[in-house]
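Enquirer:
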Amino acid sequence: MASREFAKNNLELLKAILEEYYNVGQWTNNKRHEAAQILAPKLKIDIPTMELLLTRRNFDMKPITEEVISAQQQVADLLYQLKIIPKQVNVSLGILTPEQ
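Quick note, this note's numbering runs 66 ahead of the 1-based positions in the sequence shown.
Here is the structure:
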């Protein structure tokens with residue numbers, strides 16, 4: 067997540083951040099026990115529980131598709147209906163296209 071202005075003005079930095087995020091995700095997918103050893107003390111969770119939590123999630127990066135935007139819009143609409151956020155949000159306004 068980044069502001070539109072930051073993303074447009076810092077493309078190379080944004081690419082580097084996304085590449086590192088991808089690398090960390092792949093490392094975590096392949097080294098769940100090691101990741102649990104790092105995270106567990108910080109989150110005050112025992113290592114076996116942390117490792118179990120990590121096995122329940124895949125840390126791959128996926129492109130933002132219409133399906134993803136729709137799911138995020140449903141969450142935003144629910145948060146608005148529950149009065150957790152003060153105004154409605156149009157998720158698609160926050161998405162940059164690959165060309166942008």
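We put the beta carbon where it would ideally sit given N, CA and C, even for glycine.
1. Would a C-beta distance cut-off of 8 Å place I135 and V155 closer than the cut-off?
2. Taking 8 Å as the threshold (C-beta atoms), are F125 and G160 in contact?
3. Assuming I113 and Q103 make a contact with CB atoms under 8 Å, what is their CB distance in whole Å?
4. My guess is that E86 and R98 are in contact by the Cβ rule of under 8 Å, so how many angstroms apart are they, rounded?
5. Terminal residues of the continuous alpha helix (DSSP H) containing N96?
6. Within its chain, find whatever has a CB closer than 7 Å to the CB of A73; leave out the 5 residues flanking it on each side and keep chain order.
7. Return the first residue and the last residue of the alpha helix (DSSP H) that T131 is part of.
Expert: In terms of the structure at hand:
1. To locate residue 135, count along the sequence shown from 1; it is residue 69. To locate residue 155, count along the sequence shown from 1; it is residue 89. For I135 and V155, no; Cβs fall outside 8 Å.
2. As a working note, residue 160 is residue 94 in the sequence shown. As a working note, residue 125 is residue 59 in the sequence shown. Not closer than 8 Å, so no.
3. As a first step, residue 113 must be located in the sequence shown, where it is residue number 47. As a first step, residue 103 must be located in the sequence shown, where it is residue number 37. About 6 Å separates the two Cβ atoms, so the contact holds.
4. In the sequence shown, residue 86 corresponds to position 20, counting from 1. In the sequence shown, residue 98 corresponds to position 32, counting from 1. At roughly 19 Å, the Cβ-Cβ gap does not stay under 8 Å, so E86 and R98 are not in contact.
5. Within the sequence shown, residue 96 is the residue found at index 30, counting from 1. First-last of the alpha helix (DSSP H) with N96: L77 to N96.
6. By 1-based counting over the sequence shown, the position of residue 73 is 7. L80 and L162.
7. By one-based count along the sequence shown, residue 131 stands at place 65. No alpha helix (DSSP H) holds T131; DSSP gives it neither H nor E.
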